[in-house]
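First up is the structure itself, then whatever we jot down about it.
Number of protein chains: 2
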Amino acid sequence: MNIKNICITGAAGNIAYSLIFRVLSNLPFKNTDKINLTLLDITQSQKSLIGLRYEVEDCAFSTLNSIEVTDNAENAFQESDYIIMVGAKPRSKGMERSDLILDNANIFKTQALIIDKVCSPSTKVIVVGNPANTNALILNYNTPSIPNRNITSLMKLDQNRAKSILAEKINEQVEDIQQMIIWGNHSTTQVPDLSNCLLNAEQINVDDIWIQNTFIPKVQKRGGEIIEFRGLSSAASAASAIYDHINIIDNGSNSWESLGIMTSGEYDIESGLMFSLPLNVTTEGYQVIKDLKIDTYIKTLIKLSEKELLKERDIVKSYLP
Amino acid sequence: MNIKNICITGAAGNIAYSLIFRVLSNLPFKNTDKINLTLLDITQSQKSLIGLRYEVEDCAFSTLNSIEVTDNAENAFQESDYIIMVGAKPRSKGMERSDLILDNANIFKTQALIIDKVCSPSTKVIVVGNPANTNALILNYNTPSIPNRNITSLMKLDQNRAKSILAEKINEQVEDIQQMIIWGNHSTTQVPDLSNCLLNAEQINVDDIWIQNTFIPKVQKRGGEIIEFRGLSSAASAASAIYDHINIIDNGSNSWESLGIMTSGEYDIESGLMFSLPLNVTTEGYQVIKDLKIDTYIKTLIKLSEKELLKERDIVKSYLP
Numbered sequence: 001m002n003i004k005n006i007c008i009t010g011a012a013g014n015i016a017y018s019l020i021f022r023v024l025s026n027l028p029f030k031n032t033d034k035i036n037l038t039l040l041d042i043t044q045s046q047k048s049l050i051g052l053r054y055e056v057e058d059c060a061f062s063t064l065n066s067i068e069v070t071d072n073a074e075n076a077f078q079e080s081d082y083i084i085m086v087g088a089k090p091r092s093k094g095m096e097r098s099d100l101i102l103d104n105a106n107i108f109k110t111q112a113l114i115i116d117k118v119c120s121p122s123t124k125v126i127v128v129g130n131p132a133n134t135n136a137l138i139l140n141y142n143t144p145s146i147p148n149r150n151i152t153s154l155m156k157l158d159q160n161r162a163k164s165i166l167a168e169k170i171n172e173q174v175e176d177i178q179q180m181i182i183w184g185n186h187s188t189t190q191v192p193d194l195s196n197c198l199l200n201a202e203q204i205n206v207d208d209i210w211i212q213n214t215f216i217p218k219v220q221k222r223g224g225e226i227i228e229f230r231g232l233s234s235a236a237s238a239a240s241a242i243y244d245h246i247n248i249i250d251n252g253s254n255s256w257e258s259l260g261i262m263t264s265g266e267y268d269i270e271s272g273l274m275f276s277l278p279l280n281v282t283t284e285g286y287q288v289i290k291d292l293k294i295d296t297y298i299k300t301l302i303k304l305s306e307k308e309l310l311k312e313r314d315i316v317k318s319y320l321p
Numbered sequence: 322m323n324i325k326n327i328c329i330t331g332a333a334g335n336i337a338y339s340l341i342f343r344v345l346s347n348l349p350f351k352n353t354d355k356i357n358l359t360l361l362d363i364t365q366s367q368k369s370l371i372g373l374r375y376e377v378e379d380c381a382f383s384t385l386n387s388i389e390v391t392d393n394a395e396n397a398f399q400e401s402d403y404i405i406m407v408g409a410k411p412r413s414k415g416m417e418r419s420d421l422i423l424d425n426a427n428i429f430k431t432q433a434l435i436i437d438k439v440c441s442p443s444t445k446v447i448v449v450g451n452p453a454n455t456n457a458l459i460l461n462y463n464t465p466s467i468p469n470r471n472i473t474s475l476m477k478l479d480q481n482r483a484k485s486i487l488a489e490k491i492n493e494q495v496e497d498i499q500q501m502i503i504w505g506n507h508s509t510t511q512v513p514d515l516s517n518c519l520l521n522a523e524q525i526n527v528d529d530i531w532i533q534n535t536f537i538p539k540v541q542k543r544g545g546e547i548i549e550f551r552g553l554s555s556a557a558s559a560a561s562a563i564y565d566h567i568n569i570i571d572n573g574s575n576s577w578e579s580l581g582i583m584t585s586g587e588y589d590i591e592s593g594l595m596f597s598l599p600l601n602v603t604t605e606g607y608q609v610i611k612d613l614k615i616d617t618y619i620k621t622l623i624k625l626s627e628k629e630l631l632k633e634r635d636i637v638k639s640y641l642p
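Respectively, the protein sequence lines represent chains A and B. Using the numbering used here, the first residue of the first sequence is number 1, and each one after it goes up by one. Using the numbering used here, the first residue of the second sequence is number 322, and each one after it goes up by one.
Right under this line is the structure:
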């Protein structure tokens, strides 16, 4: 029997509540029969986590080997094959974005040091909590024992949103669209780029005005749109994207993917940022897709997203070695 | 391509929020490629339902053919293959249980008349909203055009809970336990009965004192325990049980199941109640498992649950033809 150890942080939150049951209902890990699940959250959430554990047990999932809830990060991270970092401090009313970034920098540096201490180099870490790319950057710089390529940040939600919005526009099914790219930061500066998109292996023609004035801003602001309508931020769709992200990393993908990875000079983007790039992903790892033609409009937007990430990196510089 | 039409009521609630994404991530229907999903809820929830639709679209599920949100039950129910009735009025503070039953009787009678008018006799209806058995009873009596056997109420959550609690006690895996029965009402009078339970086809021996003093009350009160710890009632585990219930009805089951069905004199239980009985379920329908030996203790409890359902039926008698 093959068993994997999975840890989820921010386990008492809404995204985790969607993610946990989704993962257990159909494991996204290759050659894996069961998982040991560890749910981490702050001390004040422990009672609610026990209730969550009861609910998980009440599903009688045959994929669950064991479940533990804890507020002790060291115990939680130890021996994890995957750590899904959903937890982050949310922005409170009147809070400056720079303060939010700093508060989370502090959390992610603390957790990074623990991961570096207790985890094996093969541990894979997926960062979801916002600002995801900069949190992942701090994590990456403060875990010298974990290879950079084992730490990725979530961009799949943006890619799924972009696909869905395009599919609706051209009145086609999402699964027939390939090669949708998201460049940059998981924020409103992200750059959904459909210049390479295919519909059943054929090029798609949509007019530039729609792309620039509707498509790109709609994808960039979709998170806000969800909050406006639901009164709550995206949870189940974020969880679904995390599920897809895990699946892609663990099983590889036939299609182009966009994950936040550590840059090393690709496409003239500053090295040492966590940035979403077009990737081929196999079970052996990922390769950046090279030599794509990028038009001036998209190039300008990519530069804006890079600029935002450089600014975020500047804010957290005291958390980087 | 095979497409099924699925309608979910109470779609803006927490159970539906877990259920919708679970269903789309891995369709529980046999020979089905995609679904047309219709989400029904009250007028005041329509804005939030639009946000929910956006989130569903943002998952880029290849299993979704179309999604519609509405407050119009007639449009929602029309041409449905399955109607999952999650919606019900919840108990508010200080409300008498009999008033809650009557309020829901009113809702379910209204919906029944619409189903009877617009649905085909092959439509399958699963009742989840509480009091589920009595709501299902009203539905059953007021839909003469739908065969009784196409209307069932959810008991799978109770069966899953009972399995999980037994598995923990005997330190075994849930999937190795078979033939767990729940008798009666989906309420604190339900009767989890492990007298026929097998562990990998072998009889299980657990002592009667644990069964009577711990096991049965723990299963009966599990819903309350979840609320106590989470501060919220079961949602994801209820959704998981609904998923299992759909799967059982649509694909059949190798194991014994417990669904709420219309009684017709089995085991000396009053005819014409919606009552959980042990069933064999195939793609052709269900058969009550007959001639099980029931000990005096369990028999007494079954009678108490029957008494409760008779009382509920008495409260709603003006809603029954």
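Glycine included, C-beta positions come from ideal geometry on N, C-alpha and C. As the structure is a prediction and not an experimental result, all values here were calculated from the model.
Item	Value
Buried versus exposed, by CB contacts within 10 Å (16 or more), A:LYS317	exposed
Chain B contact residues for A:GLY13, given Cβ-Cβ distances below 9 Å	Going along chain B, no residue has its Cβ under 9 Å from A:GLY13, so there is no contact; the nearest lies around 13 Å.
Buried or exposed by the 16-neighbour rule on C-beta atoms within 10 Å, applied to B:PRO465	exposed
Closer than 8 Å to chain A by CB, B:ASN396	no
Classification of A:MET85 by the beta-carbon crowding that lies within 10 angstroms, buried from 16 upward	buried
Outcome for B:ASN575 when other beta-carbon atoms lying within 10 angstroms are tallied against a minimum of 16	exposed
Cβ separation of A:SER195 and A:ILE298, assumed to be a contact under 8 Å, to the nearest whole Å	7 Å
B:ALA557: contacting residues in chain A (beta-carbon distance under 7 Å)	TYR17, PHE21 and GLU55
Those residues which DSSP pairs with A:PHE275 across a bridge	A:ILE261
Test: B:GLY552 CB closer than 8 Å to a CB of chain A	yes
Interface positions of the segment 570-591 of chain B facing chain A (Cβ-Cβ less than 7 Å), listed along the chain	none
Under 9 Å (Cβ pairs) to chain B, residues found in the segment 183-207 of chain A	none
Contact with chain A by B:ASN347, beta-carbon distance below 8 Å	yes
Interface flag, B:GLY372 vs chain A, CB-CB below 8 Å	yes
Cβ-based neighbour list, A:PRO105, same chain, cut-off 6 Å, excluding 5 preceding and 5 following	Going by the sequence as given, residue 105 of chain A is Ala instead of Pro. Hits under 6 Å: ILE138, VAL316 and TYR319.
CB contact below 8 Å: A:VAL174 versus chain B	yes
A:THR70 (DSSP reduced to helix, strand or coil)	strand
8 Å Cβ cutoff, B:ARG470 in contact with chain A	no
Extent of the continuous alpha helix (DSSP H) run through A:LEU139	132-141
A:HIS245 versus A:ALA136: straight-line alpha-carbon distance, rounded	15 Å
8 Å Cβ cutoff, A:GLN39 in contact with chain B	Rather than Gln, the amino acid found at residue 39 of chain A in this sequence is Leu. So, not an interface residue.
Against chain B: residues of the segment 59-73 of chain A by CB proximity under 7 Å	CYS59, ALA60 and SER62
Length-filtered (3 minimum) beta strand (DSSP E) runs lying within the segment 599-629 of chain B	606-609
Supposed close pair B:ASP392, B:GLN367 - CB separation, criterion 8 Å	6 Å
Cβ neighbours of B:LEU600 in the same chain (closer than 8 Å, five flanking residues each side left out)	TRP577, GLU578, SER579, LEU580, ILE582, TYR607, GLN608, VAL609 and ILE610
Length of the line joining the Cα atoms of B:ASP514 and B:PHE350	29 Å
Given A:GLU312 as reference, the closest of A:GLY231, A:CYS197, A:ASN133 and A:TYR243 once Cα atoms are compared	A:ASN133
C-beta atoms of A:ALA162 and A:MET180 nearer than 8 Å	yes
Cβ separation of A:ASN160 and A:ALA76, assumed to be a contact under 8 Å, to the nearest whole Å	About 28 Å separates the two Cβ atoms, so there is no contact after all.
B:SER554 (DSSP reduced to helix, strand or coil)	coil
Close-in-space but distant-in-sequence residues of the same chain around A:ILE6 (CB under 6 Å, 5 per side omitted)	ILE35, LEU37 and TYR82
Status (buried if at least 16 other CB within 10 Å, exposed otherwise) for A:LEU310	exposed
Supposed close pair A:VAL281, A:ILE249 - CB separation, criterion 8 Å	7 Å
Cβ neighbours of B:GLY485 in the same chain (closer than 7 Å, five flanking residues each side left out)	Position check: residue 485 of chain B holds Ser in this sequence, whereas Gly was assumed. Excluding sequence neighbours, B:SER485 sits near VAL495.
Cβ neighbour criterion (16 or more within 10 Å) applied to B:ARG470	exposed
Closer than 8 Å at the beta carbon, the chain A residues around B:ILE547	GLY51, TYR54, GLU55 and ASP58
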